[in-house]
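Enquirer:
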Amino acid sequence: MTASRPVQPRPGDPAITPALIAEHGITDEEYRRLVEMLGRAPTFTELGVVSALWSEHCSYKHSRPLLRTLPTNAAYVLQGPGENAGVIAIGDGLAVAFKIESHNHPSAVEPYQGAATGVGGILRDVFTMGARPIAMLNSLRFGSLDSARVRYLFGGVVKGIGDYGNCVGVPTVAGEVVFDPAYEGNPLVNAMCVGLLRESELMRAVAQGVGNPIIAVGARTGRDGIHGASFASEDLSEANEAKRPRVQVGDPFTEKLLLEASLELIHSGHIVAIQDMGAAGLTSSSAEMAARGDVGVTIDVEKVPVREPNMTPYEILLSESQERMLVVAIKGHEDAVRAILEKWDLTASVIGEVIAEPVYRVTEGDRVVAEFPGTRLVTDCPTYTPPAAEHPDIVALRARDVSAIAERPEERDPAWTLLQLLSSPTLANKAWVYRQYDSSVRTNTVVGPGGDAAVLRVRGTDRAIAVKTDGNGRYTYLDPRAGARIAVAEAARNVACAGGRPMAVTNNLNFGNPRKPDVYFQLREAVAGMAEACAALGTPVTGGNVSLYNETPRGAIYPTPVIGMVGVVDRLAHVTRSAFAHAGDAIVLLGEPTASIGASEYLQRVHGTVAGAPPACDLAAERALIDALLDAIGAGDVRSAHDCADGGLAVALAECAIMDRDHPLGARVDLSPWRGLPLRGLLFGEAQGRVLLSTPHAERVLAAAGRHGVPARAIGTVTGGPSLEVAGTARPFTVPLDRLADAYFESIPRIMARTASAASDSPATTAV
Amino acid sequence: MTRFRVSLHVTPRRGLLDPQGKAVTDALHTLGFAAVRDVHVGRHIVVELDAADRPAAEREARRMCAKLLANPVTEDFEIAAVEGGAA
Amino acid sequence: MTRFRVSLHVTPRRGLLDPQGKAVTDALHTLGFAAVRDVHVGRHIVVELDAADRPAAEREARRMCAKLLANPVTEDFEIAAVEGGAA
Amino acid sequence: MKFGIVTFPGSNCDYDAYRAVVEVLGEEAEFLWHKEHDLRDADVVILPGGFSYGDYLRPGAIARFSPIMTEVVAHARRGGPVLGICNGFQIACEAGLLPGALLRNAGLKFVCEPVRLRVENAATMFTSRYRAGQELTIPIAHGDGRYTADDQTLARLEGEGRVLFRYVGGGPGADEWWSPNGSMRAIAGIVSDEGNVLGMMPHPERAVNELLGSADGIGVFESVLSRVNA
Ligand SMILES: Nc1ncnc2c1ncn2[C@@H]1O[C@H](COP(=O)(O)OP(=O)(O)O)[C@@H](O)[C@H]1O
Ligand SMILES: [Mg+2]
Chain A
4 MTASRPVQPR PGDPAITPAL IAEHGITDEE YRRLVEMLGR APTFTELGVV SALWSEHCSY
64 KHSRPLLRTL PTNAAYVLQG PGENAGVIAI GDGLAVAFKI ESHNHPSAVE PYQGAATGVG
124 GILRDVFTMG ARPIAMLNSL RFGSLDSARV RYLFGGVVKG IGDYGNCVGV PTVAGEVVFD
184 PAYEGNPLVN AMCVGLLRES ELMRAVAQGV GNPIIAVGAR TGRDGIHGAS FASEDLSEAN
244 EAKRPRVQVG DPFTEKLLLE ASLELIHSGH IVAIQDMGAA GLTSSSAEMA ARGDVGVTID
304 VEKVPVREPN MTPYEILLSE SQERMLVVAI KGHEDAVRAI LEKWDLTASV IGEVIAEPVY
364 RVTEGDRVVA EFPGTRLVTD CPTYTPPAAE HPDIVALRAR DVSAIAERPE ERDPAWTLLQ
424 LLSSPTLANK AWVYRQYDSS VRTNTVVGPG GDAAVLRVRG TDRAIAVKTD GNGRYTYLDP
484 RAGARIAVAE AARNVACAGG RPMAVTNNLN FGNPRKPDVY FQLREAVAGM AEACAALGTP
544 VTGGNVSLYN ETPRGAIYPT PVIGMVGVVD RLAHVTRSAF AHAGDAIVLL GEPTASIGAS
604 EYLQRVHGTV AGAPPACDLA AERALIDALL DAIGAGDVRS AHDCADGGLA VALAECAIMD
664 RDHPLGARVD LSPWRGLPLR GLLFGEAQGR VLLSTPHAER VLAAAGRHGV PARAIGTVTG
724 GPSLEVAGTA RPFTVPLDRL ADAYFESIPR IMARTASAAS DSPATTAV
Chain B
1178 MTRFRVSLHV TPRRGLLDPQ GKAVTDALHT LGFAAVRDVH VGRHIVVELD AADRPAAERE
1238 ARRMCAKLLA NPVTEDFEIA AVEGGAA
Chain C
1178 MTRFRVSLHV TPRRGLLDPQ GKAVTDALHT LGFAAVRDVH VGRHIVVELD AADRPAAERE
1238 ARRMCAKLLA NPVTEDFEIA AVEGGAA
Chain D
18 MKFGIVTFPG SNCDYDAYRA VVEVLGEEAE FLWHKEHDLR DADVVILPGG FSYGDYLRPG
78 AIARFSPIMT EVVAHARRGG PVLGICNGFQ IACEAGLLPG ALLRNAGLKF VCEPVRLRVE
138 NAATMFTSRY RAGQELTIPI AHGDGRYTAD DQTLARLEGE GRVLFRYVGG GPGADEWWSP
198 NGSMRAIAGI VSDEGNVLGM MPHPERAVNE LLGSADGIGV FESVLSRVNA
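Residue numbers (this note's numbering), protein chains in the order written: chain A, 4 to 771; chain B, 1178 to 1264; chain C, 1178 to 1264; chain D, 18 to 247.
(1) Please go through the segment 111-154 of chain A and give each complete beta strand (DSSP E) segment of 3 or more residues, from N-terminal end onward.
(2) Can you confirm whether Val1148(B), when its beta carbon is compared against all beta carbons of chain D, has any partner nearer than 8 Å?
(3) From Phe182(D) to His1221(C), what distance separates their C-alpha atoms?
(4) According to the neighbour-count rule (16 or more other Cβ atoms, all chains shown, within 10 Å of its Cβ), is Ser200(D) buried or exposed?
(5) Please give the ranges of any beta strand (DSSP E) in the segment 314-402 of chain A, keeping only runs that are unbroken, at least 3 residues long and fully inside the region.
(6) Do Asp227(A) and Gln211(A) count as a contact pair if the criterion is CB distance below 8 Å?
(7) What's the gap between the Cα of Glu130(D) and the Cα of His336(A)?
(8) Using the Cα positions of Leu512(A) and Val1250(B), report the straight-line distance between them to the nearest angstrom.
(9) Which stretch, first to last residue, makes up the alpha helix (DSSP H) that contains Tyr605(A)?
(10) Pick helix, strand or coil for Ile108(D), following the three-state DSSP scheme.
(11) Which same chain residues end up closer than 7 Å to Glu244(A) when comparing Cβ atoms and leaving out the 5 residues on each side of it in sequence?
(12) Could you work out which residues of chain D lie near Thr1265(B), taking near to mean beta carbons separated by less than 8 Å?
(13) My output table needs one value for Glu410(A): the three-state DSSP class, helix, strand or coil.
(14) Cβ of Leu1208(C) less than 8 Å from any chain D Cβ?
(15) Kindly indicate which residue of Ser352(A), His394(A), Asp279(A), Gly225(A) has the alpha-carbon position closest to the one of Thr315(A).
(16) Would you call the CB atoms of Ile91(A) and Val569(A) closer than 8 Å?
(17) Going by other Cβ atoms of all chains shown within 10 Å of its Cβ, with 16 needed for buried, is Lys52(D) buried or exposed?
(18) Leaving out the 5 sequence neighbours to the left and right, which residues in its chain are closer than 7 Å to Asp465(A) when beta-carbon positions are compared?
(19) Please list, in chain order, all residues of the same chain as Gly451(A) whose beta carbon is under 7 Å from its beta carbon, the five residues on each side excluded.
(20) Trp195(D) lies in the beta strand (DSSP E); which residues open and close that run?
(21) Which class does Tyr63(A) belong to by DSSP, given the choice of helix, strand or coil?
(22) Please state the DSSP three-state secondary structure of Gly1261(C).
(23) When you compare the CB of Val1259(B) with every CB in chain C, is at least one pair closer than 8 Å?
(24) Ignore the nearest five residues each way along the sequence and tell me which others in Thr1188(C)'s own chain have a CB closer than 7 Å to its CB.
(25) Just checking: is the beta-carbon of Ala1204(C) within a distance shorter than 8 Å of some beta-carbon in chain D?
(26) Taking the beta strand (DSSP E) that Gln82(A) belongs to, which residues open and close that run?
(27) Report the residues of the segment 59-74 of chain D with a CB closer than 8 Å to any CB of chain C, ordered along the chain.
(28) Shortest alpha-carbon distance to Asn497(A) belongs to which of Val613(A), Leu632(A), Gly723(A)?
(29) Within the continuous alpha helix (DSSP H) that includes Cys537(A), where are the two ends?
(30) Near Ala276(A), which residues of its chain fall below 6 Å by C-beta distance, leaving aside the five closest residues on each side in sequence?
(31) Quick check on His1206(C): buried or exposed, where buried means 16 or more other Cβ atoms within 10 Å of its Cβ?
(32) So with Cβ pairs under 8 Å, would you call Asp1200(C) a contact of chain B?
(33) For the segment 444-471 of chain A, list the beta strand (DSSP E) runs that are entirely contained and at least 3 residues long, ordered along the chain.
(34) Quick check on Pro428(A) - is its C-beta less than 8 Å from some C-beta in chain D?
(35) Using 8 Å as the limit for Cβ to Cβ distance, is Gln116(A) near chain C?
(36) Chain G beta carbons: is any one of them nearer than 8 Å to that of Leu1245(B)?
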């Protein structure tokens, strides 16, 4: 390998010392590698570039070997992992692009801007594929809402997500929010975007065509967010307080202009590639596009439009200023590109070009300030497979016999327990959150937030897509492989409950410090579980994001793989909602309750215990369940369907009865077939592979289940009355729906009202 | 022409419902600032502009308020300070 | 205890993107205010509170800024005026 | 008959309005670019929802100075129908086409949900297809929808029958003037003194298809259509 040419240090640059190298998060071994690649010592600018590109966030150095084990293929996958977003064909020449991304660390420091810029980044990942964003989703984790700080973070994150998406005009249609002390101090903010495109308009971020100009588009470059990528690759600690200036401020208005201009550009035929300047900004976008095209590039930082005077090449290359894109245009079409951007009041500046020489070169005017050979800058980054070992404490927790935990006296009334669970912020209704999101803009939202999966119609067809995010950190903590399997299965069930055939997955792996053997074990096992489930359910992984070092001085978060599932609803008539719809319908349970209460919300909420093994997840059974359900839906026999998981059967029943708040419908069920099960397992155990549905044709649904080998039983009737009646058990009970509804709908508003004004409406997050 | 910095206050008209002021008051009470009686939240706008002299800078700023910066239906404005120029 | 009126300015931190300031600058240019160089939009907060004396009122206001009124990550604040008490 | 839908930078419901007109009404529609001075012979102008200029400073404050607004105001002065929806309502108020202002929601949060509206006056060019007192379900999605005006203005609006839509609901025991955003007198939509400019916070263009939850908003478009065609 040829060494790169000598590059003189820039006057004023700090000397390259071991301390400086360490400060850049580069290990001794990595530094040796860099010197070997260059054939000389790096300049300060080069050190910065490498520190960003070899950061965990950009290089996936601890996860790449694992990610290679995921199933990524299916006939309909047009673009798998490696691009800005994955793409699947959905028929009629149409395709869906989708991707999830985390903004955990920025949100911990500045919840409003951190979450907002997370939304902005994932939007750009999708529209740079040539897709018009049609839906946003999110997956959020916070500590306990008892803490004022957590309420502040929660309020700020939700407002940040809402303000950004609302302004850009993309509906936020689904998501999940979980509260658990494990996330205290290190919230998780994962945002997913889904876009629609014509297959023929799919655009890839591959630089090509020697002589083609490289154009910076959108906002000017400032000093904000320098080193965000490496920041996202470190533990959160007090020392991070000092890093606050790294926060970036989002401008959704510019994003909206950028969205329209980018789609116009892509359709214009004047460009060959476009990519978001996301983490590690100009550096990573240019280096990645060059690497994908296996071409050289040269960039002159003096041509980059800046917001502040006297910015150094180092700063310009590493800035994470938002709402910027990098475009490779066709030579000679620069003016046409500029005209499109100017129409949208945006600027375009030619800052470099694609070159034949296999180098990545950065100049400042005539002076070369960084130069790397070939595309090795991206491809040569190290990967690690650290030692893995499960922590003995977790083995013990999992093995604990939780069935021996004595009932509390109040539990003699199962209605009490049910109300406890419904009012648990994790299970309670999230309208406090999604009312702040515009979920109906662009008029495609057939089913918005509040039910199982969201459903968006695809104009010009009789089809729709169903989308949902899911994950369960507590399960994954207690059993990483099982937890990840369940996350996939639950997301798939949610999509199927809405009438959708689960098609493909994007995922966000939120874990702690991978250099700790117990954390790496969790990561490895979770990826394995996800791979098994995706293979079994026929839902390949088309992309995702890895967020490591989610730790605070108190330790790692629960390992939390989040699954973003996309499904296709074949006919609009198949779109199914979660709430009971008709008095007189029969209630059918697909799947079987078990005695298990391990790892349940019940144990946590009622007994303050996180222990036991998560429920078993039989993937073949999950697949059969989905097939049976979709058959029954396709036959027109299903009036409502709801995933029966978190909180168990009792919670699912209550939700079906009250979810349509303006039209609650009471129900009566008889659970005597399972009289032999411990009552709390039956009512609150979280056995997988279950769906609760209502139907006017119970026999036909039971027959469909039978054809697929899915256990099924008619368990009762939608009475339409004012209460939920559960009979046939050792302790039958009846609860008025308004009590259930109060627990379910008012729990979060009540908590937030406590200091809502202090937390979420503080001027700190409210622009005047 | 000299560079001036005009500092403006745009405030919601008294008598209108001020939910933000109330929310901030409540929040301050929750945080233990019991001595707070009332809070009003408005906009603080700093305009940097070139003008012949101080009065001209102020005049221009007033025109900006009348035209754009304040809503005559619901807001009042005042010039809080004009800096620069004199030096 | 005496009643004071503390007037505060909370402004976006320099160096961070200020999209609102930019939008207003552009709008003023469009309206013909060509001499405008830059605009920053922040909050003007008036806190009415009871305190023993002026320094105490100001001290309390600073604490409120640090705790709630300003976002320490993205904003700066200053006490613009403390009125009352003396009279 | 032709609808012109203005696209301001930051408009994001322009497309929805376009689809409602073209797909549901079967009428002609064209986007009008904010930088132009040309209404392209539109009979009806729609100022759509969204966040023109990012809602910076105040919603609608900057958009009202767009070049196209000169023509929209002239069209309105000639008696041409103008439909301001959500951000369009805010722009119309800022431009002086309608009295009052829309301030930050009383709850200080953006609110998106279907709301119930009562048609207060069915004898206008925007409501003739409804019955007075009829209740509609139409979504709202805004952070600044609190209608505010001085007493005199309110009295005039009421006296002249210019309050076309009012929010209803709020559950048992709710205030007579309950609204999701704290609007004075629960006002959701008003018309200008000449009756040809409508401003409303709810989104009728999002309520034109039962599949998406409601088709109650079609009446607004059909009403104006029947008037212009008459
Ligand atoms: N952060 C959020 N953003 C939008 N919608 C949300 C959010 N959190 C929860 N929801 C909605 O609330 C409903 C319940 O979510 P969840 O508790 O995850 O359901 P399930 O247990 O069926 O997966 C879903 O419709 C979901 O989309
Ligand atoms: Mg879930």
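No residue lacks a Cβ here, since even glycine has one placed at the ideal position from N, Cα and C. These figures come from a predicted structure and were not determined experimentally.
Expert: Reading it off the structure:
(1) 135-145
(2) Residue 1148(B) is absent from the model: chain B starts at 1178 and stops at 1264.
(3) 35 Å
(4) buried
(5) 327-332, 351-358, 362-367, 370-376
(6) no
(7) 45 Å
(8) 51 Å
(9) 604-610
(10) helix
(11) Confidence at Glu244(A) is low in this model, with a pLDDT of 42, below 50, so the placement of that residue should be treated as unreliable; the coordinate-derived value is given next. Closer than 7 Å at the Cβ level, and outside the excluded window around Glu244(A), lies no residue.
(12) Residue numbering for chain B in the displayed model covers 1178 to 1264; residue 1265(B) lies beyond these limits and cannot be assessed.
(13) coil
(14) yes
(15) Gly225(A)
(16) yes
(17) exposed
(18) Arg574, Leu575
(19) Val176, Ser442, Ser443, Ala457
(20) Looking at the DSSP string, Trp195(D) is not in any beta strand (DSSP E), and its letter there is neither H nor E.
(21) coil
(22) strand
(23) no
(24) His1217, Gly1219, Glu1252, Asp1253
(25) yes
(26) 80-82
(27) Tyr70, Gly71, Tyr73, Leu74
(28) Leu632(A)
(29) 520-540
(30) Ala208, Val209, Ala210, Met292, Val331
(31) exposed
(32) For clarity, residue 1200(C) is Ala in the given sequence; the question names Asp instead. Closer than 8 Å: no.
(33) 448-450, 457-460
(34) no
(35) yes
(36) The displayed structure is made up of protein chains A, B, C and D, and chain G is not among them.
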